[in-house]
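These notes are about the structure you will find just below.
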Amino acid sequence: MKRRSYQALTAVLLLTVSAGLAAAEGGNPKKGKHLYKKHCKACHSKSSEAMELTPMSKTMAQWDRFFDRNKHKAKPEVFQGLSDQALKDIQQFLYDHAADSDQPATCG
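In mature numbering (1 follows the signal peptide of the UniProt record, and there is no 0), the protein residues as written are -23 to -1, 1 to 85.
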């Protein structure tokens, strides 16, 4: 009985981890960091009018939801100038350095 419980728990954990990894799959975090600094940081820094936003402002799941919904409340047109690949790159960078990631970052 314990063996089946262990196997079931292992399967659930693997599915959870793989679902999280697949959510930001296909992006290049190094390119994403550059794109984030170029397209996002100008408006989302301490000295700007928009809310300060860094990779660790959200959890991995919150970043995935943000990109899945393609939301940018203040200026939705911001995403229109970026290719799908550029958005994946930015998402991967933010996901990799989210608050609950192994390497949370502020993007200095």
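Each residue gets a CB set at the ideal place from its N, CA and C atoms; glycine is no exception.
- Close-in-space but distant-in-sequence residues of the same chain around W40 (CB under 7 Å, 5 per side omitted): Q68, L71, Y72, A75
- Message: Here's a check: name, in chain order, each residue in its chain whose Cβ is nearer than 6 Å to the Cβ of N5, leaving out the five neighbours to either side.
- Response: D66
- Item | Limits of the unbroken alpha helix (DSSP H) element including P6 | 6 to 16
- Query: What do you get for K7, buried or exposed, if any count of 16 or more other CB atoms within 10 angstroms of its CB means buried?
  - Reply: exposed
- Whose CA, out of K14, A27, P81, lies closest to the CA of K50? A27
- Item | Neighbourhood of E29 by C-beta, 8 Å cutoff - its chain only, sequence neighbours within 5 removed | H21, S22, K23
- Proximity to K10 [Cα-Cα], best of D77, R46, A63: A63
- Item | Contacting residues, own chain, Cβ-Cβ under 8 Å from L(-3) (five flanking each side not counted) | Note on L(-3): pLDDT 47, under 50, position unreliable in the model; no value is reported.
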